[in-house]
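If you read the sequence shown in the numbering used here, its first letter stands for residue 744, the second for the next number, and so on. Reviewing the structure listed below.
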Amino acid sequence: MTGRFRRLSLRSRLALLSAVAVAVAVAAVAGVSWFVLKQQLEQQRDTTLTNVRPTDETVVDLLRSCGAGMRTGPSQYTFQIITTTGAICTTPGKSPVEVDSEDLAVSLDRGPVLHDGRAKNGQEMRIATSASNVQGVYAVSIAQPLSDIDKPLNKLAIALALTAGIGVLGAATAGLGIARAGLRPVDRLTDTVEHIARTEDLAVRIPVDGEDEIARLSRSFNSMTAALASSRDRQQQLIADAGHELRTPLTSLRTNIDLLVRSEETGRAIPPEDRKALLASVKAQMTELAALIGDLQELSRPDSAADGGPVQVIALHEAAGRAVERARLRGAGLTFAVRLDPWFVRAEPAALERALVNLLDNAVKFSPPGGTVEVTLTGGELTVRDHGPGIPADELPHVFDRFWRSPSARSLPGSGLGLSIVARTIRQAGGEVSLAPAEHGGAVASVRLPGAATAPPVL
744 MTGRFRRLSL RSRLALLSAV AVAVAVAAVA GVSWFVLKQQ LEQQRDTTLT
794 NVRPTDETVV DLLRSCGAGM RTGPSQYTFQ IITTTGAICT TPGKSPVEVD
844 SEDLAVSLDR GPVLHDGRAK NGQEMRIATS ASNVQGVYAV SIAQPLSDID
894 KPLNKLAIAL ALTAGIGVLG AATAGLGIAR AGLRPVDRLT DTVEHIARTE
944 DLAVRIPVDG EDEIARLSRS FNSMTAALAS SRDRQQQLIA DAGHELRTPL
994 TSLRTNIDLL VRSEETGRAI PPEDRKALLA SVKAQMTELA ALIGDLQELS
1044 RPDSAADGGP VQVIALHEAA GRAVERARLR GAGLTFAVRL DPWFVRAEPA
1094 ALERALVNLL DNAVKFSPPG GTVEVTLTGG ELTVRDHGPG IPADELPHVF
1144 DRFWRSPSAR SLPGSGLGLS IVARTIRQAG GEVSLAPAEH GGAVASVRLP
1194 GAATAPPVL
């Protein structure tokens, strides 16, 4: 049964659930109404039977007519007396009511005794028996057919059942109509999803009306498709930019290798100095390609620190010190003025150290020969300053863009991804990074990461 229900469409399920809900409600109301009415009618009947007592004159007349011929009586009640001799006299025209032990046990000090009984003709009766003050009469019974109440109640039950059936059918019809109207926005959403799945057109948007749940779902879907479109555009741009950046070193590398191959094939040796320079160029191009591929792998990771390595408490001053030592190897002849106060942060160790190395490599690359690179960490802010040509104001908004390189740096080695990786890593760690012109020339990069001057206790 559950499997069949699940195979129904959402509209059919809503209509069925509406019909079932209305059926249960109508059945409950009808049942309670019928039961309450039955109780009230029976209570009213019993009250009437106990209050409607024949006068002594009526009892005497009934006693005198006992055994007379049968006549049709207009009353709905059957009066019956039990004489002291045990004889039973019944209203003429009425079928005698069977006398049971409750009728015989009545006495003057007790009120009327109510019970169900049966007439001689088999009719079910409700009987009220009380003691009598008339000489020669032991008890007086007043009886009314149970059908006087049962028939109206049965008719009422049929009417309630018909009303409930009509109500259920109406509820099912209304539920189906409401389901169709309510699910119309869902139909539009479904059509849009199917269109996107079929055409991969992420520019499609769903019209949003109102503030209900469907409108919220539509807005969320529009936000999701917009994010997907933006992600796809970024991926396509990354692929295009990566292809452009890879083309230059690959072309140069292929040219150099072609020269070496042609030299071997023709037997014309390349002068030793030229061959040495050629091999050095090949090595440098291979190094540049390896660095570019590493940068692309870093940028291909999701923008969430949880998707990379584990986040740990890191001594930022120690990571910066290691990055400075690596920068010294790349910046032979440069002077490094370093001041690193203790500062502990939470970040991914490998990613953070790579970002610091990129930041220092950028300063080394733009520093003039014999220049000074100032590295300072104080109060949780790390600054790296070089004394190079600086950054024009119109280029500042683009320094952290992927593959962006200023015109003055296009002749220098690099892929234009270093500062982009720095910005990404710092933001993942909850910090901020900026690059600005420094006083008296050069540029200064600032990194601010939340943390503390002392290491947290180890739990």
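C-beta atoms are modelled at their ideal positions from N, C-alpha and C, and glycine is treated no differently. Bear in mind the structure is a predicted one, so any value in this text is a computation, not a measurement.
Taking the CB atoms as reference points, tell me whether residue i and residue j lie closer together than 9 Å.
i	j	result
L932	A969	no
A1080	V1025	no
S761	I957	no
N1105	L1162	yes
G1133	A1186	yes
A1090	V1127	no
T834	T821	yes
L996	L1022	no
I1169	V1190	yes
I885	R796	yes
G1076	G1131	no
V911	V769	yes
V947	T935	yes
A1066	V1100	yes
L896	D789	no
A1196	D1084	yes
D859	L889	yes
T793	S873	yes
Tell me, please, which residues DSSP counts as bridged to residue i.
i	result
T801	T801 is not bridged to any residue.
G1123	None; G1123 has no bridge partner.
H1183	Note: H1183 sits in no beta bridge, so no partner.
A886	T821 and I870
C832	I824
S1177	S1189
E1061	Answer is none; E1061 lacks a bridge partner.
A1196	Bridge partners of A1196: none, in fact.
D1129	A1186
G860	M868
F1079	V1116
F1087	A1058 and A1195
V880	T826
Applying the 10 Å Cβ sphere with the 16-neighbour rule, what's the burial state of residue i?
i	result
V767	exposed
A758	buried
K863	exposed
T1121	exposed
E1096	buried
P1193	exposed
G1157	Residue placement at G1157 is poorly supported in this model, since its pLDDT is 49, which falls under 50; the coordinates still yield a value, given next. Buried is the call here.
K898	exposed
T828	exposed
D955	exposed
F1109	buried
A915	buried
L1102	buried
T815	Only weak support is given to the placement of T815: the predicted model assigns it a pLDDT of 38, under 50, and the value that follows is read from those uncertain coordinates. Answer is exposed; the Cβ neighbour count stays below 16.
L805	buried
G836	exposed
K1019	exposed
Q887	buried
A1048	In this prediction, A1048 has a pLDDT of 42, which is less than 50 and means its spatial position is unreliable; nothing more can be read from the coordinates.
T1078	exposed
Q878	exposed
P1199	exposed
Q783	exposed
D976	exposed
I901	exposed
Could you tell me how far apart the beta carbons of residue i and residue j are, in whole angstroms, since I believe they sit closer than 8 Å?
i	j	result
I825	Y881	5 Å
Q823	P839	7 Å
N965	I949	6 Å
R1082	V1107	Not quite, the Cβ-Cβ distance comes to about 18 Å (not below 8 Å), so this is no contact.
Cβ of residue i versus every heavy atom of the ligand FMN: is any distance shorter than 8 Å?
i	result
L1102	Absence of the ligand FMN is noted for the structure shown, with no ligands found whatsoever.
At least one CB of chain C closer than 9 Å to the CB of residue i: is that the case?
i	result
K1026	No chain C appears in the structure shown, which is made up of a single protein chain.
**OP:** Entirely within the segment 934-1005 and at least 3 residues each: give me those beta strand (DSSP E) ranges in chain order.
**Re:** none
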